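Under numbering that gives the first Met the number 0, the first residue of the sequence shown carries the number 0, and numbering increases by one thereafter.
C-beta: ideal position from N, C-alpha, C; glycine also.
What you are looking at is a predicted structure, and each value in this text was computed from that prediction instead of being measured.
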Amino acid sequence: MSVRESRLAEHDTVLAQPVDGGNGTGVLVLGGSSGRVERDRVRVLAQAGVTALGLRWFGGPGLPPAIDEYPLERLSWGIDRLADRCDRIAVIGSSKGAEALLLYSPDDPRVDAVVAFAPTHVAWADLGRRPDEAPRDDRSSWSRGGRPLPFVPYDHEAPTPGDPPAFAPMYAASLAGLADRDPARLEAARLPVERFFGAMLLAAGGDDAVWPSLGSAREIERRRTASGLPTTVVTHPGAGHRVVLPGETPPTGGQPMARGGTEVDDRALGALVHPHLMRVLDLEP
Numbered sequence: 000m001s002v003r004e005s006r007l008a009e010h011d012t013v014l015a016q017p018v019d020g021g022n023g024t025g026v027l028v029l030g031g032s033s034g035r036v037e038r039d040r041v042r043v044l045a046q047a048g049v050t051a052l053g054l055r056w057f058g059g060p061g062l063p064p065a066i067d068e069y070p071l072e073r074l075s076w077g078i079d080r081l082a083d084r085c086d087r088i089a090v091i092g093s094s095k096g097a098e099a100l101l102l103y104s105p106d107d108p109r110v111d112a113v114v115a116f117a118p119t120h121v122a123w124a125d126l127g128r129r130p131d132e133a134p135r136d137d138r139s140s141w142s143r144g145g146r147p148l149p150f151v152p153y154d155h156e157a158p159t160p161g162d163p164p165a166f167a168p169m170y171a172a173s174l175a176g177l178a179d180r181d182p183a184r185l186e187a188a189r190l191p192v193e194r195f196f197g198a199m200l201l202a203a204g205g206d207d208a209v210w211p212s213l214g215s216a217r218e219i220e221r222r223r224t225a226s227g228l229p230t231t232v233v234t235h236p237g238a239g240h241r242v243v244l245p246g247e248t249p250p251t252g253g254q255p256m257a258r259g260g261t262e263v264d265d266r267a268l269g270a271l272v273h274p275h276l277m278r279v280l281d282l283e284p
């Protein structure tokens, strides 16, 4: 399918639309903690038949420099642009982008579907601490209405084995430690997935070395299923933190860390996800 791409001046944003107008679905696409604009994913989605908008949501001119009490209201800018063009809106986020959208979407009735790759089921501490910054207490990654949201702090004594480091053991230890110390705080940090009433598609690799995304996906599934909400989990035992959809090129760069999986297995997970994604985006044949 022929696609027309344009760059919106604000926020280093790329918009891709099928030349024939597409099926009326608009998709907001967020990357993770790298801050990367997911241009390749936007192109692939537009070629499938939707209008897709890839947003740089932090780390650029005029944007928050890091995910540190990030104001979730800022994400409405992308939804506004899609709502002007489309009849139906879905959101797709990876990793920290998935965390952001799982928090944001229950409070925006314009969002009809959420797709979360390598998700978490809780809000985490900030990623804003610089290597040269003096030690300080963790802050929330997120804010709403100027107020920080409840979060799980990091266990800074937990291991991050390997070179590059695998952070999944640290995230698991942080969850377990807070469950022992302050279960009420852990409960407050859970993402409000029961308040999103549209379709939700989750994809997680069984070999994710960044954080325990498969366990989080199963926890989200458990809670939403108990509430009778439509939820699908897709997984592959050998895949890591990245989901590579058919037609995508695996990203490079980002913070040095172990992500788990192999390109073959990450692509296999993407292939498993693809038919479910097409269904969520109203692109079934």
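- Item | Cut-off 6 Å between Cβ atoms - residues of its own chain near residue 249, not counting five sequence neighbours on either side | Here residue 249 refers to the residue found at position 250 when the sequence shown is read from its first residue. Excluding its 5 nearest sequence neighbours in each direction, residue 249 has C-beta neighbours in its own chain below 6 Å: 243, 262, listed in chain order.
- Is residue 125 near residue 140, with beta carbons less than 8 Å apart? By one-based count along the sequence shown, residue 125 stands at place 126. By one-based count along the sequence shown, residue 140 stands at place 141. The criterion of a C-beta distance shorter than 8 Å is satisfied by residue 125 and residue 140.
- Starting from the N-terminal side, write out each stretch of the beta strand (DSSP E) that is 3 residues or longer and does not extend beyond the region 209-248. If we require 3 residues or more, the beta strand (DSSP E) runs fully inside the region 209-248 come out as 230-235.
- Task: Report the residue from 26, 188, 158 whose alpha carbon sits nearest the alpha carbon of residue 98.
- Result: Here residue 98 refers to the residue found at position 99 of the sequence shown. For the residues 26, 188, 158, the minimum Cα distance to residue 98 belongs to 188.
- Message: Just to confirm the assignment: which complete alpha helix (DSSP H) runs, minimum length 4, are found wholly within the region 17-69?
- Response: Listed in chain order, the complete alpha helix (DSSP H) runs (minimum 4 residues) inside the region 17-69 are 38-47.
- Message: To test your reading of the DSSP string, which unbroken alpha helix (DSSP H) runs of 4 or more residues are found completely within the region 94-168?
- Response: Listed in chain order, the complete alpha helix (DSSP H) runs (minimum 4 residues) inside the region 94-168 are 95-103.
- Message: Since residue 256 and residue 108 should fall inside the 8 Å C-beta cutoff, what is the C-beta to C-beta distance between them, to a whole number of angstroms?
- Response: If you number the sequence shown from 1, residue 256 lands on position 257. If you number the sequence shown from 1, residue 108 lands on position 109. Actually they do not touch by this definition, with Cβ atoms about 36 Å apart.
- Does DSSP put residue 257 in a helix, a strand or coil? Along the sequence shown, one-based indexing puts residue 257 at 258. Here residue 257 sits in coil by DSSP.
- Message: On the DSSP letters alone, give me the boundaries of the alpha helix (DSSP H) that residue 0 sits inside.
- Response: Along the sequence shown, read from residue 1 onward, the residue named residue 0 stands at position 1. Premise fails: residue 0 is in no alpha helix (DSSP H) and is neither H nor E.
- When the Cα atoms are used, what is the spatial distance from residue 117 to residue 264? Here the question's residue 117 lines up with position 118 in the sequence shown. Here the question's residue 264 lines up with position 265 in the sequence shown. Each residue's CA atom was taken as its position, placing residue 117 and residue 264 some 14 Å apart.
- Item | Cβ-Cβ distance between residue 259 and residue 208 below 8 Å | By one-based count along the sequence shown, residue 259 stands at place 260. By one-based count along the sequence shown, residue 208 stands at place 209. Yes.
- Task: Please determine, among 103, 83, 206, the residue with the shortest C-alpha to C-alpha distance to residue 92.
- Result: Mapped onto the sequence shown, residue 92 falls at position 93. Of the residues 103, 83, 206, the one whose Cα lies closest to the Cα of residue 92 is 103.
- Query: In this structure, what does DSSP give as the bridge partners for residue 204?
  - Reply: Here residue 204 refers to the residue found at position 205 when the sequence shown is read from its first residue. Beta-bridge annotation (DSSP): residue 204 is paired with 235.
- Query: Are the CB atoms of residue 217 and residue 233 nearer to each other than 8 Å?
  - Reply: What you label residue 217 is simply residue 218 of the sequence shown in a count that begins at 1. What you label residue 233 is simply residue 234 of the sequence shown in a count that begins at 1. No, these two residues do not count as a Cβ contact at 8 Å.
- Item | CA-to-CA distance, residue 68 to residue 51, given in whole angstroms | In the sequence shown, the residue the question calls residue 51 occupies position 52. In the sequence shown, the residue the question calls residue 68 occupies position 69. In a straight line, the C-alpha of residue 51 is about 27 Å away from that of residue 68.
- Query: Is residue 40 buried or exposed, if buried means 16 or more other CB atoms sit within 10 Å of its CB?
  - Reply: By 1-based counting over the sequence shown, the position of residue 40 is 41. When all chains shown are included, residue 40 counts as buried.
- Message: By the three-class DSSP mapping on this structure, what secondary structure does residue 84 have?
- Response: As a first step, residue 84 is located in the sequence shown; it is residue number 85 there, counting from the start. Of the three classes helix, strand and coil, the one that applies to residue 84 here is coil, per DSSP.
- Query: CA-CA distance, residue 86 and residue 157?
  - Reply: As a working mapping, residue 86 is identified with position 87 in the sequence shown. As a working mapping, residue 157 is identified with position 158 in the sequence shown. In a straight line, the C-alpha of residue 86 is about 47 Å away from that of residue 157.
- Query: So residue 269 packs on residue 247, CB below 8 Å; how close in whole Å?
  - Reply: For the purposes of this step, residue 269 is identified with residue 270 of the sequence shown, where counting begins at 1. For the purposes of this step, residue 247 is identified with residue 248 of the sequence shown, where counting begins at 1. Under the criterion of beta carbons closer than 8 Å, residue 269 and residue 247 qualify as touching, at roughly 7 Å.
- Item | Option in 121, 266, 53 with minimal Cα separation from residue 177 | Here residue 177 refers to the residue found at position 178 when the sequence shown is read from its first residue. Distance from the Cα of residue 177 is smallest, within the candidate group 121, 266, 53, for 121.
- Leaving out five residues before and five after residue 191 in sequence, what residues of the same chain have Cβ atoms less than 6 Å from its Cβ? For this step, residue 191 is matched to residue 192 along the sequence shown. Non-local C-beta neighbours of residue 191 in its own chain, meaning closer than 6 Å and more than five positions away in sequence, comprise 105, ordered along the chain.
- What residues are listed by DSSP as bridge partners for residue 91? Start at 1 with the first residue of the sequence shown, and residue 91 comes out as number 92. In the DSSP assignment, residue 91 is bridged to 28, 114.
- Task: Please confirm whether residue 101 and residue 114 have their CB atoms less than 8 Å apart.
- Result: On the sequence shown, position 102 is the one that residue 101 refers to. On the sequence shown, position 115 is the one that residue 114 refers to. No. Outside cutoff.
- CA-CA distance, residue 28 and residue 236? On the sequence shown, position 29 is the one that residue 28 refers to. On the sequence shown, position 237 is the one that residue 236 refers to. Between the C-alpha atoms of residue 28 and residue 236 there is a straight-line separation of about 25 Å.
- Which same chain residues, not among the five before or five after residue 223, have their C-beta less than 7 Å away from its C-beta? In the sequence shown, counting from the first residue as 1, residue 223 sits at position 224. Same-chain partners within the cutoff: 192, 193, 199, 230.
- Query: How many whole angstroms separate the CB atoms of residue 49 and residue 21, which I take to be in contact at a CB cut-off of 8 Å?
  - Reply: Counting from one through the sequence shown, the residue named residue 49 turns up at place 50. Counting from one through the sequence shown, the residue named residue 21 turns up at place 22. By a beta-carbon distance limit of 8 Å, residue 49 contacts residue 21. Their separation comes to about 5 Å.
- Message: Quick check on DSSP: helix, strand or coil for residue 14?
- Response: If you number the sequence shown from 1, residue 14 lands on position 15. Strand, per DSSP.
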